[in-house]
Structures are given as structure tokens and as C-alpha cells.
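Q: First to last, the sequence lines map onto chains W and F. First residue of the first sequence: 1, per my numbering; consecutive thereafter. First residue of the second sequence: 116, per my numbering; consecutive thereafter. Don't be surprised by glycine CBs; every beta carbon is placed ideally from N, CA and C. Quick one: this structure, given as C-alpha cells, is what I'll be asking you about.
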Amino acid sequence: GAGVSQSPSNKVTEKGKDVELRCDPISGHTALYWYRQSLGQGLEFLIYFQGNSAPDKSGLPSDRFSAERTGGSVSTLTIQRTQQEDSAVYLCASSPQTSYTDTQYFGPGTRLTVL
Amino acid sequence: AQSVTQLDSQVPVFEEAPVELRCNYSSSVSVYLFWYVQYPNQGLQLLLKYLSGSTLVKGINGFEAEFNKSQTSFHLRKPSVHISDTAEYFCAVSANTGFQKLVFGTGTRLLVSP
């Protein structure tokens, strides 16, 4: 079946611009995660959604970062006033979340380059 | 809080040789442990995970890992590697309560040459 998809695959933007990154989880998966993979920080957790519950935003690095999940499915990660240190690969993952031990399935990522 | 240390940033090995990728973790609570693989320009794929029970865990592609609580380690092994195993390998940990918030190590690049 279809896996987690992310768009765009690559995004180049200028410093100070806003960007939106999209994630389509596997159908039926209620849990959705965003991670960031950068040279300086490695792989780090950003935010977690479970169904219609309030998200856990504990990993967001600044208030320029926000995310929403519409209808319990598609999620959008928004970065406002982008900075060069935001350059990274942004990964999305989903899981069935019938149990906290469920496997997270990752998408291919969006590579963001801030000039 | 949890942390993961992967001391080897790169491991070169010849095809058909055995390999061990090291992972040590730190946590004040009980944890689940994971190994993920990332092939070039692809997302992460789960190789195996330790939740409870037997400390020897077998995964996909012939990989296995052993959980050692006293040494807080979860080393990944394969008895005979292939060229196609060339990839980045990430060890990760999550607390066994709350949601599965993965904390990753810095990764080990496995380079398999003929």
C-alpha cells in the first residue's frame, strides 16, 4: 500500500520567507510525528499529533515553527521568517497508534534550503 | 530524559565480513530501543526494535541486536554484509511511557566495499 508521502521533496527559499511543508500519513494511522534532520543537530523530534487530541509541541525549536493536522489526516508544518539554520531535511512519520509500541513509518522527507 | 551515543561515525567493512555497530543509551526510566536504516535519499526504515522479553532481537535483512541492560547497550550485528547494506544506521530510544518520542543517535555510516 501507499506509504507516507511528503511534499515538496525539495524547497529552496530566501531568508525571511515563510514556508509550508506537507505530510500525508498512511491511511488509517492516527499518530503523526515531525522530525528534523540537520548536520548540526542530527535527528530531532519536533511535534506529535494523536487523533484529535492537542499536539505535543515540546520539540519545536522556536515560535516561528507551527504545525496543524486537518481532519486527523494531512499535516502541514509551517516555518515563518525562515533563517539559514532552518536548513534541514524535515521528516514526517505516522503510526497506527493502537499501542505506544507501534512502528513509526517515515516519509522520504522535504529538503529545505534557506539562502 | 534519554540520550543515545553512537561512537562510530563511519564503519568501513569488506563484503561478506561481519559487522557490529555500537549503540549506548542513557535513561532514568525504562526504555524501548530501535535501530533504523536510511538509504541514500530515502526516509528511515525500521530494522528492529526491543520492547521487552528476549534480549536478542532479530530484524530484517539478517540484522540482529542484543539489549544489555547492565551495560546500557544495544549493539547491531550482521554476520555477513552485502554491498547493498551500505547506508546510514541510527539507534534510537524512547521512554516506555507516554507517546513514542524517538531520541536518535548521530548515526553510523556503514560502507561496504567489494
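1) Rounding to the nearest angstrom, what Cα-Cα distance links W:Pro-96 and W:Asp-102 in this structure?
2) Check this for me: beta carbons of F:Gly-222 and F:Glu-203, under 7 Å apart or not?
3) Could you have a look at W:Gly-16 and say whether DSSP puts it in helix, strand or coil?
4) Could you give the distance in angstroms between the alpha-carbon of W:Gln-37 and the alpha-carbon of F:Leu-159?
5) Anything in chain W within Cβ reach of F:Leu-166, meaning under 8 Å, just list it in chain order.
6) Listed in chain order, which residues of the region 203-219 of chain F have Cβ atoms closer than 9 Å to some Cβ of chain W?
7) Cβ atoms of W:Cys-23 and W:Ser-75: under 7 Å apart, would you say?
8) DSSP beta-bridge partners for F:Thr-120?
9) Using a beta-carbon distance below 7 Å, is W:Phe-106 in contact with chain F?
A: From the atom records:
1) 7 Å
2) yes
3) coil
4) 11 Å
5) Thr-101
6) Phe-205, Ala-207, Ser-209, Asn-211, Thr-212, Gly-213, Phe-214, Gln-215, Lys-216, Leu-217, Val-218, Phe-219
7) yes
8) F:Asn-139
9) yes
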